[in-house]
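Let me begin by presenting the structure, written as structure tokens, before commenting on it.
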Amino acid sequence: QAAIEPRVGGGFTVTTACPDGGTFAFKGRYTAVEVCTRLAFDITWEAPMGYDVPHERATVEFAGDGAGTTMTFVHDGVPDGIATATHEAGWRDTFALLERVLAE
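Note that the sequence shown covers residues 114 to 217 in the numbering used here.
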């Protein structure tokens, strides 16, 4: 589930179902919204993640490449180690799902 208000200062919340039946949720605020080119936002986890992260940020940039769109995604503030691997796996799964939905 997701609720978004895509404007600078607008918020979002995302709740995701896990294969084990659990859920996790995060929320944030948009710090940049440049239509068709760039989004930037802060991320706050709704449940303890097992590590102390004072500030996570993500930036998504979009550029036309003739045949479609290239997306560049950067997520800063994630601690090294297991958190990095789980964040990367989660984002890869999210982008794979997005690709399937957009192909329909």
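Just so it is clear, CB atoms sit at the ideal spot from N, CA and C, and this is done for glycine as well.
Does DSSP put residue 200 in a helix, in a strand, or in coil?
helix
Just to confirm, is the Cβ distance from residue 176 to residue 187 under 8 angstroms?
no
Starting from the Cα of residue 105, find the closest Cα among 134, 152 and 198 and give me that residue.
No answer is possible for residue 105: it lies beyond the span of the chain, which begins at 114 and ends at 217.
Kindly indicate the opening and closing residues of the beta strand (DSSP E) around residue 188.
182-189
Mind checking who residue 136 pairs with in its DSSP beta bridge?
130
Please classify residue 207: does DSSP put it in a helix, a strand, or coil?
helix
Assuming contact is defined by CB atoms lying nearer than 8 angstroms, are residue 189 and residue 174 in contact in what I supplied?
no
Whose C-beta lies closer than 7 angstroms to the C-beta of residue 117 among residues of the same chain, with five residues either side of it excluded?
Once the five neighbours on either side are set aside, the close Cβ partners of residue 117 are 125.
DSSP puts residue 157 in a beta bridge; with which residues?
140
Mind checking which residues open and close the beta strand (DSSP E) that includes residue 169?
169-177
Can you list, in chain order, the residues of its chain with a C-beta nearer than 6 angstroms to that of residue 182? Leave out the 5 residues immediately preceding and following it.
175
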